[in-house]
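Here is the structure we will look at, set down as structure tokens.
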Amino acid sequence: MKPGEKPVVAMPAGRQKRSDLIAAHIRDLISLQGLKPGDRIPAEWLAREEMRASRGTVREAMKSLETQGLIKTRTGPGGGAFVTALSGEQAMGLLSNLFLFNPPGIAEIYALRKLLEPSLAASLAGRLDDKAYADLQATIRLYENEPTTAEEEFRQRIAELDFQSVLAGFADNQLLGFVCVFLHTLLRDMTVCRAIYAKPNPELRETALNYQVRLIRLLKAGDAEGARRLMQEHMEEAERYMLSRAEIRGKP
1 MKPGEKPVVA
11 MPAGRQKRSD
21 LIAAHIRDLI
31 SLQGLKPGDR
41 IPAEWLAREE
51 MRASRGTVRE
61 AMKSLETQGL
71 IKTRTGPGGG
81 AFVTALSGEQ
91 AMGLLSNLFL
101 FNPPGIAEIY
111 ALRKLLEPSL
121 AASLAGRLDD
131 KAYADLQATI
141 RLYENEPTTA
151 EEEFRQRIAE
161 LDFQSVLAGF
171 ADNQLLGFVC
181 VFLHTLLRDM
191 TVCRAIYAKP
201 NPELRETALN
211 YQVRLIRLLK
221 AGDAEGARRL
231 MQEHMEEAER
241 YMLSRAEIRG
251 KP
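The numbering of the sequence shown is the UniProt record's numbering, which starts it at 1 and goes up by one.
In structure tokens, the structure reads:
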């Protein structure tokens with residue numbers, strides 16, 4: 001972290017507002033009572049006598065839950081508060097906003113990628129079905145032909161991250177998969193990374209193709225250690241390339 005910058009990691013809160021406590025209580029009730037997306041939140045949960053709070057405080061709590069993507073309110077006949085499911089894309093967007101004004105460095109992102117993604121690859125060896133391999137192959141198809149424009153080459157570079165994200169989506173450990181996809185999202189969105197991806201470099205197409213084809217072969221063969229080693233090598237090579245390009249642009 002640079003001098004004078006504040007950490008973006010949330011610190012333990014002090015005294016919470018009454019509305020925050022109510023929002024947490026409603027969230028707990030949703031979980032404990034087994035409500036699913038689309039279910040109506042019982043009106044009695046929100047009664048001010050039940051919450052021991054004013055209507056305004058309860059409304060503030062509900063607005064907070066709606067902002068978090070956990071509920072949706074509808075007015076008119078059949079209206080009320082209903083449970084919703086936060087999509088992975090919405091969660092990624094909210095987390096990305098956290099780093100909007102103080103983005104992590106490329107080295108910080110790859111420190112995690114080198115730690116997590118080799119283990120992810122090893123865990124998937126011999127465990128994917130035909131549909132999963134078809135999904136991975138679909139991202140590779142963008143590489144089949146040499147790009148004719150700078151825009152096509154940029155899309156191919158992004159497709160390499162898409163391949164990694166598709167792979168992470170098959171993780172048995174949902175948290176591991178989510179963190180890996182979030183790291184890919186950061187790389188897609190960071191200005192310095194997008195500038196690097198936009199700079200022509202024809203050799204990267206062959207490098208990416210070779211890596212992806214080899215990895216799929218190792219996964220199909222059930223070679224966990226081979227998949228781990230290949231992913232580790234790929235992460236290290238990608239880190240060296242990204243850091244060298246960032247230094248050229250004056251943003252280490």
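Even for Gly, the Cβ is constructed at its ideal location relative to N, Cα and C.
Assigned secondary structure, K17 (DSSP; H/G/I helix, E/B strand, else coil): Here residue 17 corresponds to residue number 17 of the sequence shown, with the count starting at 1. DSSP places K17 in coil when its eight states are reduced to three.
Reducing DSSP to helix, strand and coil, say where T73 ends up. The sequence position of residue 73 within the sequence shown is 73, counting from 1. T73 falls in the strand class under three-state DSSP.
So which of A227, L204, P202 has the shortest CA-CA distance to R214? Residue mapping note: residue 214 aligns to position 214 of the sequence shown, counting from 1. Checked all of A227, L204, P202; the closest Cα to R214 is A227.
May I ask you to report which of helix, strand or coil DSSP gives R188? The residue you call residue 188 lines up with position 188 of the sequence shown. Correct three-state label for R188: helix.
Counting only the same chain and skipping the five closest in sequence on each side, list residues whose C-beta sits under 7 Å from that of M11. Here residue 11 refers to the residue found at position 11 of the sequence shown. Low per-residue confidence applies at M11: pLDDT is 44, beneath 50, and the placement is therefore not dependable enough to give any value.
Are the Cβ atoms of F170 and L124 separated by less than 7 Å? In the sequence shown, counting from the first residue as 1, residue 170 sits at position 170. In the sequence shown, counting from the first residue as 1, residue 124 sits at position 124. Between F170 and L124, the CB-CB gap stays under 7 Å.
Where R157 sits in the DSSP three-state scheme: Position 157 of the sequence shown holds residue 157. Looking at R157 - three-state DSSP - the assignment turns out to be helix.
C-alpha distance - P104 paired with L95, whole-angstrom precision: For the purposes of this step, residue 104 is taken as the residue at position 104 of the sequence shown. For the purposes of this step, residue 95 is taken as the residue at position 95 of the sequence shown. Their backbone Cα atoms lie some 12 Å apart in a straight line.
Is H25 a contact residue of the ligand NAP, with contact defined as CB to any heavy atom under 6 Å? The ligand NAP is not part of this structure, which contains no ligands at all.
Selected residue, minimal CA-CA separation from M51, among E66, L29, P37: Sequence index remark: in the sequence shown, residue 51 carries index 51 (1-based). Distance from the Cα of M51 is smallest, within the candidate group E66, L29, P37, for L29.
In chain order, what residues of the same chain lie with their CB nearer than 7 Å to the CB of E153, ignoring the 5 residues before and after it? Here residue 153 corresponds to residue number 153 of the sequence shown, with the count starting at 1. Sequence-distant partners of E153 (beyond 5 residues in either direction) whose C-beta falls short of 7 Å from its own C-beta, in its chain, are P147, P200.
Could you tell me if E233 is buried or exposed, where buried requires 16 or more neighbouring beta carbons within 10 angstroms of its beta carbon? For the purposes of this step, residue 233 is taken as the residue at position 233 of the sequence shown. Here E233 is exposed: its Cβ has fewer than 16 other Cβ atoms, across all protein chains shown, within 10 Å.
With a threshold of 8 Å, are at least 3 pairs of Cβ atoms found where one atom belongs to the region 180-200 and the other to the region 72-84? Result no; under three Cβ-Cβ pairs closer than 8 Å.
Which value, in whole angstroms, describes the spacing of the CA atoms of M231 and G38? The sequence position of residue 231 within the sequence shown is 231, counting from 1. The sequence position of residue 38 within the sequence shown is 38, counting from 1. The alpha-carbon atoms of M231 and G38 are separated by roughly 40 Å.
Assuming the contact rule is C-beta atoms closer than 8 Å, A159 and T139 should be a hit. Round their C-beta distance to whole Å, please. Working through the sequence shown from its first residue, we reach residue 159 at position 159. Working through the sequence shown from its first residue, we reach residue 139 at position 139. At roughly 5 Å, the Cβ-Cβ gap stays under 8 Å, so A159 and T139 are in contact.
Which same chain residues, not among the five before or five after residue 254, have their C-beta less than 6 Å away from its C-beta? In the structure displayed, the chain extends from 1 to 252; residue 254 sits before or after that span and is not available.
Between A91, V58, L167, R245, which has its C-alpha nearest A81's C-alpha? Numbered from 1 along the sequence shown, position 81 holds the residue referred to as residue 81. For A81, the nearest C-alpha among the options comes from V58.
To the nearest angstrom, report how far apart E247 and I109 are at their CA atoms. In the sequence shown, residue 247 corresponds to position 247, counting from 1. In the sequence shown, residue 109 corresponds to position 109, counting from 1. A direct Cα-to-Cα measurement between E247 and I109 gives close to 16 Å.
Please say whether L120 and L183 have beta carbons closer to each other than 7 Å? The count along the sequence shown starts at 1 and reaches residue 183 at position 183. The count along the sequence shown starts at 1 and reaches residue 120 at position 120. No, the pair does not count as a contact, with Cβ atoms beyond the cut-off.
Under a three-way DSSP split, which group does F178 fall into? The sequence position of residue 178 within the sequence shown is 178, counting from 1. Reduced to three states, the DSSP call for F178 is helix.
Grouping DSSP H, G and I as helix and E and B as strand, with all else coil, what is residue 266? A query on residue 266 cannot be resolved here, the shown segment of the chain reaching from 1 to 252 and no further.
Supposed contact pair L142 and I216 - C-beta distance, whole angstroms, cut 8 Å: Residue mapping note: residue 216 aligns to position 216 of the sequence shown, counting from 1. Residue mapping note: residue 142 aligns to position 142 of the sequence shown, counting from 1. That belief does not hold up - the Cβ atoms of I216 and L142 are roughly 15 Å apart, past 8 Å.
What do you reckon, are the CB atoms on L65 and A23 nearer than 7 Å? Working through the sequence shown from its first residue, we reach residue 65 at position 65. Working through the sequence shown from its first residue, we reach residue 23 at position 23. Result yes, Cβ atoms of L65 and A23 sit closer than 7 Å.
Simplified DSSP assignment, three categories, for R40: Your numbering for residue 40 matches position 40 in the sequence shown. R40 falls in the strand class under three-state DSSP.
On the three-state DSSP scale, how would you describe S87? Here the question's residue 87 lines up with position 87 in the sequence shown. Coil at S87, not helix or strand.
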